[in-house]
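Single-structure report; data block below.
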Amino acid sequence: MTTFHPLTKLRPFKNHWRVQVKCLHSWRQNTPFGDTFEMVLADQWGNKIQASCKRTLMYRVQRELRLGKWGVIENMQMTPAGGKYKTTSHKYKMSISDETMVRGSDLTDDRLFLSLANYEDIQKATSKSKEVPYLIDVIGRVHELGNVQTVKAQGEDRKRVEFRLIDSQGNNLACCLWGSYAEQIEAFIDECKDRTIICLIRFAKINFFRGEVQITNAFDASRMYLNPTEPEVLELTERLSDHHLQLAPFEKSNGKKDRKRITYDWNDAEIRSISEIIDGNQVEICKIICTIEAIDTDWAWFYIGCNRHSKRVIKLPKIDYENMTKLDKPMFRCEVCNANITNVGPKFKLHLVVKDDTDTCNLMLLGSVANSIIGHTAEALWDGSYAEIEDPEILPEPILSLVGKSFCFGLSFGSENVTNGSGTFMVLEVCSGDKVLSIDTNSDAVTEVGTSSSTMSSGDVLMLESISPEDPKTPFSKRKEDDADLNDHSSTSKKLCTKMIKQEKTTTE
C-alpha cells in the first residue's frame, strides 16, 4: 500500500517527502524577483499548507494538479512560511522546483476543509494588539452594506465596498473588500436584489483600521462565496439567514499602538530580555543573555553550499547523490556562479532554541558565527555523505554539547521579523564584554535578508555560566523557523561586545 506523509510531518531537514493533496485555491503573485504561482493545498486529514513555484513551472503544475482536484507531489523543499500571504497556520511552505514530481490522483473528496474563525477569538487577539499570523476563513451575514465605490488607491482607480459581517451569535466584524471582490458583490446585488446575503471568505486578512478590527481580502490570495450551498456550510448559511438575528453591541478601541524607534550601533546596543524582542515592532539590533535550551531539529544543522559564495547549491538530475561522498566530487548547480560546480562543502546553518527568565525564542547562526561557539568547522563535523539526512535528531557531539550553555548574543531584529512575522532571530555577533572589538573575516558571502555575521576564534567567545537542563542531549524539533536558503554573510570589520558578564573561569592565552 502506498503511504503518504501528513502535511504536519513536513520539515526542512530533507526534501524527499511524498504527499497526496487537494488544491483548494491558486493564484499568480507578482514579486520583485518575478512572478510565482501560489497554491493552498490540503491533505485527507484536513491539514493545509501553502505551495509555490516559479512562473516557468506554473503550466506543468496547473496541468497535473487542477483546482479542486487531488494530486501527488514528491521531492519538494520546505521553507519558512511568512510574508503577506501566510495563508495557513503551517510553519513551513512547500517550494516546488524542477526536481519535484507532480501528478494527478484518483482520490475523490469534495470537502472544502474549512477552518472557520470565531468572531470573539478574533476580537480578543486584536484587542491586545496582536496580529493574527495567518489568513483565516470567516463566514457571516452581510449587514449595513454600503455602495460599491471607485476610489484612488496606490495611484490607480479601484472598486471598494464596505459592510459588516454578523455571526450566528450576533457578534459582528467590519469588512472591506477591494477590486474583483467588490465587483463580485456588485454583480450579486444586481442579480439578487432584496435577498439576504451570506458571505464566506476563505483566506481573509485581518486589519486594524481606525481603531477597529476589519476583515479584508489578501489581494488575490482570498476566495469568496456568496450564499454558499456546500454541505460543510449549508446549515450555517440557513441559520445566518434568520431575519431575527440581532446584532450584539460592540465598542471601538482607540487603535493606538505603542511604537518606539531607537537607532543602535554595536557600541551601545541594549541588552534586552527575550520577551522584549518577541514583542518588538521596530527593526533594530540588540543583545540578549540566554541559555541554549535545545537544538531545533526541524532543520538540518548544515547545507551544501558553494565554497566561493556560500550560497546553497542545487542538486542536478540523474546524479545519484544518495550513494556519493565528498571523494566522488559530484556536480552541483550554483545560481550565483551560473555554472555547474564541484567546489562545494557543508556550511553551518544552526537553529537553536534559547531561553532566559522571561521567555524562549529561536535563533539562527550561520557559518563563522556558529563556528565560533561550536569550536569546529562544518567540514570537520560532516560525515562526507551527500545523502539526505533521515534522522535530524542525530547530531555531532560538539553541537549537542551546546545545550545548557549560556552566551551573550548580538541579534538582528530585521524586517523579516517585523513585517513577515518570522519568529527566528539572526545572530550577528557572539559577545565578550562591554566594548565591541573589530575583527576580520575571510568570507564575502551575502545573505538573502541583507544581514551580516561575524567570525572569531572560539577562544574569543564569552561563554557564561552553564545551566544544565534535565536532559541536555535531547534536540528540540517543534519550534519556530526562519529562511531555509540563507547563505553565510560576513563582514571584514565586525565588532564584539565586551561588557563583562559573570564567568566561570578566565584564562590568559
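Residue numbers (the numbering used here): 506 to 1014. Idealized CB from N, CA, C, for every residue including glycine.
Next on the checklist: Considering Cα atoms alone, identify which of D642, Y686 and D626 is closest to N676.
Outcome noted: Here residue 676 refers to the residue found at position 171 of the sequence shown. When only C-alpha atoms are compared, the closest one is D626.
Checklist entry - Cβ of Q582 within 8 Å of Cβ of S610? => result Locating residue 582 in the sequence shown gives position 77, where the first residue counts as 1. Locating residue 610 in the sequence shown gives position 105, where the first residue counts as 1. In this structure, S610 does not lie closer than 8 Å to Q582 by Cβ.
Item to check | Length of the line joining the Cα atoms of A875 and Y826 | outcome: By one-based count along the sequence shown, residue 875 stands at place 370. By one-based count along the sequence shown, residue 826 stands at place 321. Roughly 26 Å separates the two Cα atoms.
Item to check | Segment limits, alpha helix (DSSP H) that includes A892 | outcome: Translated into the one-based positions of the sequence shown, residue 892 becomes position 387. A892 -> no alpha helix (DSSP H), and no H or E assigned at all.
Checklist entry - From which residue to which residue does the alpha helix (DSSP H) around N876 run? => result Stepping through the sequence shown from its first residue, residue 876 is reached at position 371. Residues G872 to I879.
Next on the checklist: Please return the same chain residues whose Cβ sits closer than 7 Å to the Cβ of R707, not counting the five positions on each side in sequence.
Outcome noted: Position 202 of the sequence shown, counted from the start, is the residue given in the question as residue 707. Cβ within range, chain order: H530, D642, S727 and R728.
Checklist entry - Using DSSP with H/G/I as helix, E/B as strand and the rest coil, what is A679? => result The count along the sequence shown starts at 1 and reaches residue 679 at position 174. A679: strand per DSSP, three-state reduction.
Checklist entry - What does Y639 pair with, by DSSP beta-bridge criteria? => result Taking the first residue of the sequence shown as position 1, residue 639 is located at position 134. None, per the DSSP bridge assignment.
Item to check | First through last residue of the alpha helix (DSSP H) which encompasses I694 | outcome: In the sequence shown, the residue the question calls residue 694 occupies position 189. Run containing I694: S685 to E696, per the alpha helix (DSSP H) assignment.
Checklist entry - When we look at the beta-carbon of V656 and count the other beta-carbons within 10 Å, is it buried (16 or more) or exposed? => result Numbered from 1 along the sequence shown, position 151 holds the residue referred to as residue 656. Per the 10 Å Cβ criterion, exposed.
Checklist entry - Between the region 815-834 and the region 885-901, do at least 3 Cβ pairs fall closer than 8 Å? => result yes
Next on the checklist: Quick check on A1045: buried or exposed, where buried means 16 or more other Cβ atoms within 10 Å of its Cβ?
Outcome noted: This structure cannot speak to residue 1045, because the chain is shown only from 506 to 1014.
Checklist entry - What are the partner residues of M869, as DSSP defines its beta bridges? => result Taking the first residue of the sequence shown as position 1, residue 869 is located at position 364. According to DSSP, M869 bridges with H856 and M931.
Checklist entry - Mind checking whether V932 and L832 have CB atoms under 8 Å apart? => result As a working note, residue 932 is residue 427 in the sequence shown. As a working note, residue 832 is residue 327 in the sequence shown. Not in contact: V932 and L832 (Cβ atoms no closer than 8 Å).
Checklist entry - Does DSSP put P903 in a helix, a strand or coil? => result As a position in the sequence shown, residue 903 is number 398, starting the count at 1. Three-state DSSP puts P903 in a helix.
Checklist entry - On the three-state DSSP scale, how would you describe D626? => result As a first step, residue 626 is located in the sequence shown; it is residue number 121 there, counting from the start. In the structure shown, D626 sits in a helix (DSSP, three-state: H, G or I).
Checklist entry - How big is the Cα-Cα spacing for D801 and L900? => result Stepping through the sequence shown from its first residue, residue 801 is reached at position 296. Stepping through the sequence shown from its first residue, residue 900 is reached at position 395. Roughly 11 Å between the two C-alpha positions.
Checklist entry - Thinking C-beta only, is M599 closer than 8 Å to I554? => result For the purposes of this step, residue 554 is taken as the residue at position 49 of the sequence shown. For the purposes of this step, residue 599 is taken as the residue at position 94 of the sequence shown. Result yes, Cβ atoms of I554 and M599 sit closer than 8 Å.
Checklist entry - Can you give the Cα-Cα distance for F509 and Q628, rounded to whole angstroms? => result For the purposes of this step, residue 509 is taken as residue 4 along the sequence shown, with counting starting at 1. For the purposes of this step, residue 628 is taken as residue 123 along the sequence shown, with counting starting at 1. Those two C-alpha atoms are separated by around 38 Å.
Checklist entry - Which of the three DSSP states, helix, strand or coil, is assigned to L562? => result Taking the first residue of the sequence shown as 1, we reach residue 562 at position 57. Looking at L562 - three-state DSSP - the assignment turns out to be helix.
Checklist entry - Just the Cα atoms here: how many angstroms apart are S846 and K816? => result Position 341 of the sequence shown, counting from 1, holds the residue named residue 846. Position 311 of the sequence shown, counting from 1, holds the residue named residue 816. Looking at the sequence shown, residue 846 is not Ser but Ile. Taking the straight line joining both Cα atoms gives about 12 Å.
Checklist entry - What three-state label does DSSP hand P851 in the structure shown? => result Reading the sequence shown from its first residue, position 346 is the one you call residue 851. Strand at P851.
Next on the checklist: Let me check understanding here. Comparing Cα to Cα, which of V566, N867 and K519 lies closest to K527?
Outcome noted: Taking the sequence shown and counting its residues from 1, one reaches residue 527 at position 22. Cα-wise, what sits closest to K527 is V566.
Checklist entry - For the beta strand (DSSP E) that L670 lies in, which residues bound it at each end? => result Residue mapping note: residue 670 aligns to position 165 of the sequence shown, counting from 1. Run containing L670: E661 to I671, per the beta strand (DSSP E) assignment.
Checklist entry - Between which two residues does the beta strand (DSSP E) containing I776 stretch? => result As a first step, residue 776 is located in the sequence shown; it is residue number 271 there, counting from the start. From DSSP, I776 is part of no beta strand (DSSP E); its letter is neither H nor E.
Checklist entry - If you draw a straight line from the C-alpha of F714 to the C-alpha of L705, how long is it? => result As a first step, residue 714 is located in the sequence shown; it is residue number 209 there, counting from the start. As a first step, residue 705 is located in the sequence shown; it is residue number 200 there, counting from the start. Rounded to whole angstroms, F714 to L705 spans 21 Å at the Cα level.
Item to check | Beta-carbon separation (whole angstroms), V718 vs L678, contact threshold 8 Å | outcome: Here residue 718 refers to the residue found at position 213 when the sequence shown is read from its first residue. Here residue 678 refers to the residue found at position 173 when the sequence shown is read from its first residue. Yes, V718 and L678 are in contact; Cβ-Cβ is about 6 Å, under 8 Å.
Item to check | Buried/exposed call for R516, threshold 16 Cβ in 10 Å | outcome: Translated into the one-based positions of the sequence shown, residue 516 becomes position 11. It counts as buried.
Checklist entry - How many angstroms separate the CA atom of L670 from the CA atom of C680? => result Against the sequence shown, residue 670 aligns to sequence position 165. Against the sequence shown, residue 680 aligns to sequence position 175. Answer to the nearest angstrom: the Cα atoms are 7 Å apart.
Next on the checklist: For V849 and W804, what's the separation of their Cα atoms in angstroms?
Outcome noted: For the purposes of this step, residue 849 is taken as residue 344 along the sequence shown, with counting starting at 1. For the purposes of this step, residue 804 is taken as residue 299 along the sequence shown, with counting starting at 1. Using only the alpha carbons, I get a separation of about 20 Å.
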